[in-house]
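In what follows, a structure is listed as structure tokens, so that the remarks can point back to it.
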Amino acid sequence: MADRKSRFSQSTLIDTTPLPESIPKVDEIGASSAPLLSAAYFIGARCQPFNDDFMKCKAEANGKGEIECLKEGRKVTRCAQSLLTDINKHCLEEFRRHWDCLENNNHQLWQCRAAERPLNQCVFANLKLEKTIPGTPEGSIPVHLRDRQIFANPGGLGFLSGGSPTAGAPPKQFKSSSSTQPA
392 MADRKSRFSQ STLIDTTPLP ESIPKVDEIG ASSAPLLSAA YFIGARCQPF
442 NDDFMKCKAE ANGKGEIECL KEGRKVTRCA QSLLTDINKH CLEEFRRHWD
492 CLENNNHQLW QCRAAERPLN QCVFANLKLE KTIPGTPEGS IPVHLRDRQI
542 FANPGGLGFL SGGSPTAGAP PKQFKSSSST QPA
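Position 78 of the sequence shown, counted from 1, bears residue number 469 in my numbering, the numbering being contiguous throughout.
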């Protein structure tokens, strides 16, 4: 079996074996899921060559990708770290507003389009990265650029100004059909 010692408790698995010297040390990103989701398309745009190398390595590793492709994986991590550092440096306020919205809206991107647009504009202006959604049919408007969203939360942060006839209005109160109170 393996010549490494592992300790397992109910909550943590720790592998105490040091990595080989040929694998460069990289700290973990240390971000929660909301900031990573907020920056995901920009990570994809900037780090695509590293991601492609990593995925190619995993495909060619015949099931041993986690071991054979550590170098490529570390390159992806370093690239993502550099992007997050740049976003924090140039677009911190917009970035925080967007990922805070995602955190408070169950990570639903469509709920946070109003906070997403200023972030996309700031990242494009400062880092020259543009959000592109893979698989968007050619000639159609990408979902994040549409003036009116199909899914929206009336009265919530998900509406864009002017994107809905009820934008900014308080949510409608719906009465059940069995209600006998006058409307």
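All C-beta atoms in this analysis are idealised placements derived from N, C-alpha and C, irrespective of residue type, glycine included.
According to the DSSP assignment, residue 502 belongs to no alpha helix (DSSP H), since it is labelled neither H nor E.
The three-state secondary structure of residue 418, taken from DSSP, is coil.
When rounded, the separation of the alpha-carbon atoms in residue 487 and residue 426 is 8 Å. Distance from the CA atom of residue 526 to the CA atom of residue 416, rounded to whole angstroms, is 35 Å. A Cβ-Cβ separation of about 18 Å leaves residue 447 out of contact with residue 414 under the 8 Å criterion. For the pair residue 424 and residue 412, the Cα-to-Cα distance works out to about 30 Å. Spanning the alpha carbons of residue 436 and residue 459 requires a straight line of approximately 25 Å. By the neighbour-count criterion, in which 16 or more other beta carbons inside 10 Å mark a residue as buried, residue 502 falls on the buried side.
The alpha-carbon separation between residue 457 and residue 444 amounts to approximately 14 Å. Relative to residue 419, the option among 473, 455 and 442 whose CA is nearest is 473.
Going by C-alpha positions, residue 475 is about 9 Å away from residue 433. Within the stretch 452-505, the complete alpha helix (DSSP H) segments of 4 residues or longer fall at 456-459 and 461-495, listed in chain order. Out of 442, 532, 536 and 531, the CA that lies nearest to the CA of residue 470 is found in 442.
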